[in-house]
Amino acid sequence: MSYLAALRLHFAGQFQAAPSTVNNDPLHFDNDTFKPTDKLPSLPPPGDPRGWWNPRGNADWRFIGCRVTGASYADGTRATAEDPVLRMVVADADRRAAAKMADLDTEQQLVSEIWGLEVRICDGNGTTVLRGEFAPAAFIDIWDRAQGPGGGGDIGACATYQSIVGDLEWGDLGGSRLLGELRDAAADDGLLSMRFNVDGYNMTLGSPDFTRGRIAGTIGVASASEPKHFVAGRQFMARAASGGNFFKPTGSINFCTALVDEELGRILIDLGNALPTVGPGGPQEDLGELTVGYVAAGESKLTSLGVIDYRADAWYPQSAGVAEVALDEAQVAAIREAELGLSLSSVTSVTFESPGGVYVKADDFVHRLDPGDVAEVAIFATRYGRPYAGAEIVAVEDPSGLQIQVVPGDPDVGTPGSAISFAKTLEPTGEDGRATLRIEAGDPGNPRVFIDGQVFGVRPSLAGQAADYPTDPWNFISVLVFDEFKADEPITWWGGVQPVFQQYSNLYPVMDDFLDLSDYKSVCANLDLLELAFDLDTGNPNSMPVTRDLARSKRAAILRWMGNRGPDGNPLLGTPPPPGAPKPAILTGTASGATARPGAWVSGAAVSGAAAARGGKAAAAARRVGFGTTGGRDAR
Amino acid sequence: MIALRAELVENLGDLEGLREAVQKAIELEHATLPTYLYALYSIVPGHNREIKRLVKSVILEEMLHMRLACNILNAIGGSPVINRPDFIPTYPGPLPGAVEGGLTVPLSPLSVELVENVFMVIEEPEDSLEFPGRIATVASAVTIGQFYTAIAEQITKAGDGIFTGELGLQVTGDLGSYHVDPITNAASAVAAIGTIIEQGEGTTQAPIDAEGELAHYYRFAEIVHGRYLVANASPPPDYSYSGGEIPFEEAGVRRLVVNPTTETYAPGSGARRANDNFNYTYTSLLKSLHATFNGQPDELMTAVGLMESCKTQALEMGRLAVGDGTFAGPSFSYQPVNPWPERLTYVLRFHRPPYPTGQAEPATTASGLDVTTMLEGGVFSSELNLVGGAIRLSCRWSSRRTRTGRCSSSGERSASGMRARAR
């Protein structure tokens, strides 16, 4: 089961995501060339982008004013006003700090994860009815959703998060039938499934809505045996049109998933991240009648199953984009082995289900590994929404979705390839449609010098897939492999700690108000809190570094340093390196000493320069290795 | 000095009365924190470093005192209550338990006047020691020190038999530079109270506590004098405010709004939203502390994380200009959801037959709502938090008829003779 089922509730409101943007520039990781002005907001283009649009972000991620907007019971009927769940709110933690958002890496900013999010359903006075832990998850399927003016860049984008919610604690349900059904249905595996779409994000410093956007989502029941981060259903494969910052579908409909409930006789389709809006965070764009159908044997056109009233008032906030169409027995039978399609009457292209109904996807698609670690990645193969047993899956290294910029000195991604190893052909999937991809991490050997480790992309797919087979560019695994960290023994401030702390001090200016992480005395004065924060599990919202990009060996060394106090009661200082010590080769002859690199971010990328120049995800998307015709590693 | 109401120490002979007094002590220790923190948050980072250090050192000890008081209450079989809306006093206003007409404690940016007229008064000992340059004091009444002394005396009198609380409820061990031992008997409870009194007021002989640290009162006096209190080489007097300078740099203080409330900031403004975020975090902190002192002592570290989060947010708020050259500061309000749902007052008017004299009036109820209701001669009014959806209001009277009204957050609707008006 997943949220895409009869039993579910919808919510809508705002979210807040306040990342620090200084680390959006890979060259800001170079302590030797970092300038104090890099901690300040961008100058207007074509000025120096400096610390980009939110250098003082604290990484907090919040639900703001989210209300339960709709619900339906396991028998398929809609909840009415009698059910108190419709007067409840969806909130985050009320007993610990706000969740945090972090990129995987400065060269993979397109899988931003939410860490430490506690989800609550509570009444208007904050009394908790349900609480649980949202397993860390990254967004996927980001696309250019907003149409018309004002929609450029991140502001016009929409992306989706899906994960499981565990450690459930149920309170007094206030007589809600819906919550009672959820509790009972979740009793076996103790898991809920939660999905939400985020769009209309505000990047305008000084606006009351700065760092906020619209959110709409759905909560249902999860099964432990099913994917955590996607629905093993029927996948509609958008095809890329030219233009756009992220992804522009030819049929105006983004990648989306449907699920057929044969018992209740209906098809559920999650269009929450799939239909365009008028302006950022605006209402649905009217693209005519939306029909869901199937391709009957021997036919080329869609046979209609029904229409979806996506143009109704408040359709999106009340349903989070989940639509239902009733099916009779003949229709249920007809679509069991037939490709589905979505068609808008004013759009020529139809968005079809994947050819042959076959689909392959990695569940956990973001990994942080230390040398010697092995990631066991569950890969699910489905055929017409059912487990595809015996499927042969291959995996290739594919850095095309990672990001580099076309200025000298910017470290490359995906090298050396020897730092990760995995079987290129997997054992065929079992009866459950599942295969395991084992990714083993070696020591990258510090290829990026001032950035720890290296990022890699691995793309699983069906063996023998035709060249024109539609693929989701975002459907790949991102792996950050940290370097093995070697420090003086015993480790001292100058013998290993200072450069690490200097980098965090540079990249996270909000700390400057109460702590100078680059200064030994300041660190010593705050040692108790730092020791506490560095020792927390990364799933804890207070874990340091907030960026979740600290190698295990480095963390251990830092904690060792903090714990080993000298005669003065402070950790060991050591001796500073001699001035003019030789720098590694990669730092010579680069542009890193330049005062400004206006426009450098987007040159060579076939995107709207103005949109990407605002920074954020649009700038990252413009720097993808495999993006456009002139960008990418071959052009460097 | 703070004059507390005499009744706080009147019922100590009864164990329940003793527990109530310790609960009041917990509230009192907490109540000083928002006002001290507000002043601390107003300091521009990098400025007024010594004053900041002094204020912060007092804050950390007030937190320690709150922890000690919670441990004492747990030790004598009580349960600290920290998560209720009324745990937070109103600012500006009196401290919990204070007599009427006494000191008004504000939320105000740092100034020498604030330290002198509020902070020093809060911390003033019963018989403060006179040192050259000292400020005149208010005539004494029942001080915080006397309140604690009375509690200690009663604990001694009651003896070890009242220490029935589960030991695992106490939050002990090291935190920062403080070590806290479990409270198991009258002697350890009295020792903990001694720490609270001495850190706050000093001893009757010297302005320092057992560890040689200056008591809060004298630390604040240092700020007012602009100099450290040091031991004189040739007494008397033993001490004088003649040490190194403690400069007050007015330009190093942000002009935060004085006594903000949630309504200070316009709905939809950046300051309102930042204040909502802060208050939600602050309320979460109180809930986390409540859990910490009610069976989950390991949660203390989570509470510390929330304190850091409050600090970060408050300092960012101080960068938001809100007009008249002032900047936003947190209102320290109870807010368990973020933001509060729209708060609406509904007035329902209906007709009902008059009741014969002497006959009891039937109850008027609003079902499905957690509201306080009031019946005023045919006008039923109710304040509630509306979280969307329809609201069913049922009023029952003699004929047992049920009326249902649908209300929305805007406009006016009526049904079956009942009128619902949103204000």
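Sequences listed follow chains R and Y, in order. Per our numbering, residue 24 is the first one in the first sequence, and the count goes up by one each step. Per our numbering, residue 28 is the first one in the second sequence, and the count goes up by one each step. Here a beta-carbon is modelled for each residue, glycine too, at the ideal position from N, C-alpha and C. Every value quoted in this text rests on a predicted model; they were computed, and no experiment measured them.
Residue from the options whose Cα sits closest to the Cα of residue i
i         : options                                    : result
Gly597(R) : Val142(R), Arg588(R), Ala357(R)            : Arg588(R)
Leu141(Y) : Gln197(Y), Ala248(Y), Arg346(Y)            : Ala248(Y)
Pro136(Y) : Gly356(Y), Tyr361(Y), Pro368(Y)            : Gly356(Y)
Leu31(Y)  : His74(Y), Ala177(Y), Leu95(Y), Gly253(Y)   : Ala177(Y)
Val546(R) : Arg575(R), Asp351(R), Thr515(R), Asp560(R) : Thr515(R)
Phe473(R) : Glu352(R), Met217(R), Pro49(R), Arg237(R)  : Pro49(R)
DSSP-derived helix/strand/coil call for residue i
i         : result
Asp535(R) : helix
Leu27(R)  : coil
Gly224(R) : It is worth fixing the name first, because residue 224(R) is Tyr in this sequence and not Gly. DSSP places Tyr224(R) in coil when its eight states are reduced to three.
Gly413(R) : coil
Leu282(R) : strand
Arg482(R) : strand
Ile474(R) : coil
Met328(Y) : helix
Val398(Y) : Note that Val398(Y) has pLDDT 32, beneath the 50 cutoff, so the model's placement of it is unreliable and the number below is only indicative. Reduced to three states, the DSSP call for Val398(Y) is coil.
Pro431(R) : coil
Ala76(R)  : According to the sequence provided, residue 76(R) is Trp. The question's Ala does not apply to it. Coil, per DSSP.
Leu610(R) : Residue confidence is low: Leu610(R) scores 37 on pLDDT, short of 50, so the model does not pin down where it sits. No coordinate-derived value is stated.
Met111(R) : coil
Thr653(R) : With a pLDDT of 34 at Thr653(R), under the threshold of 50, the modelled position of that residue is not reliable, and the figure given next carries that caveat. Thr653(R): coil per DSSP, three-state reduction.
Leu530(R) : helix
Residue i and residue j closer than 9 Å at C-beta
i         : j         : result
Gly267(R) : Thr374(R) : no
Leu287(R) : Pro299(R) : no
Pro483(R) : Leu460(R) : yes
Leu67(Y)  : Ile250(Y) : no
Gly186(Y) : Ala213(Y) : yes
Ala94(R)  : Asp106(R) : yes
Ile163(R) : Gln185(R) : yes
Val670(R) : Gly80(R)  : This structure leaves residue 670(R) out entirely; chain R is present only between 24 and 659.
Asp421(R) : Phe499(R) : yes
Leu30(R)  : Tyr96(R)  : yes
Beta-carbon neighbours of residue i, restricted to chain Y and to distances below 7 Å
i         : result
Arg637(R) : Within chain Y, no residue comes near Arg637(R); the closest Cβ sits about 19 Å away, beyond 7 Å.
Gly149(R) : Pro363, Val364
Arg237(R) : Going along chain Y, no residue has its Cβ under 7 Å from Arg237(R), so there is no contact; the nearest lies around 15 Å.
Asn81(R)  : Thr339
Cys145(R) : Val364
Ala161(R) : Within chain Y, no residue comes near Ala161(R); the closest Cβ sits about 23 Å away, beyond 7 Å.
Chain-ordered neighbours of residue i on chain R, where CB pairs are closer than 7 Å
i         : result
Arg300(Y) : Pro231
Pro107(Y) : Within 7 Å Cβ-Cβ: nothing; Pro107(Y) doesn't reach chain R, min ~16 Å.
Leu55(Y)  : Correct list: empty, because the minimum Cβ distance to chain R is about 24 Å.
Pairwise C-alpha distance: residue j and residue i
i         : j         : result
Gly519(R) : His51(R)  : 19 Å
Glu225(Y) : Leu32(R)  : 56 Å
Phe157(R) : Lys123(R) : 12 Å
Ala660(R) : Pro600(R) : With chain R represented from 24 up to 659, any question about residue 660(R) goes unanswered, as that position is not in the structure.
Leu130(Y) : Val285(Y) : 16 Å
Val1(R)   : His252(R) : Outside the shown range of chain R (24 to 659) lies residue 1(R), about which nothing can therefore be said.
Ile331(R) : Ser342(R) : 12 Å
Lys79(Y)  : Glu399(R) : 51 Å
Lys271(R) : Arg168(R) : 8 Å
Glu410(Y) : Glu192(R) : Note on Glu410(Y): pLDDT 40, under 50, position unreliable in the model; the coordinate value appears next. Glu410(Y) and Glu192(R): Cα-Cα distance of roughly 30 Å.
Ala180(R) : Pro340(R) : 17 Å
Pro366(Y) : Arg282(Y) : 26 Å
Where residue i meets chain R, residues with beta-carbon distance less than 9 Å
i         : result
Thr6(Y)   : Not covered by the structure: residue 6(Y). The range shown for chain Y is 28 to 450.
Leu196(Y) : Ordered by position in chain R, no residue passes the 9 Å Cβ test against Leu196(Y), which lies about 17 Å from the chain.
Gly297(Y) : Gly229, Ser230, Pro231, Asp232, Phe233
Neighbour flag for residue i against chain C, beta carbons, 9 Å
i        : result
Gly88(R) : Absence of chain C from the displayed structure is noted, the protein chains being R and Y.
Listed by chain order, chain Y residues near residue i by CB distance under 9 Å
i         : result
Asn565(R) : Met328, Thr329, Val331, Gly332, Leu333, Glu335, Ser336
Leu582(R) : Going along chain Y, no residue has its Cβ under 9 Å from Leu582(R), so there is no contact; the nearest lies around 15 Å.
Val533(R) : Thr339, Leu342, Glu343
Phe537(R) : Pro72, Glu335, Lys338, Thr339, Leu342
Contact list for residue i against chain Y, beta-carbon separation under 8 Å
i         : result
Leu552(R) : Val331, Glu335
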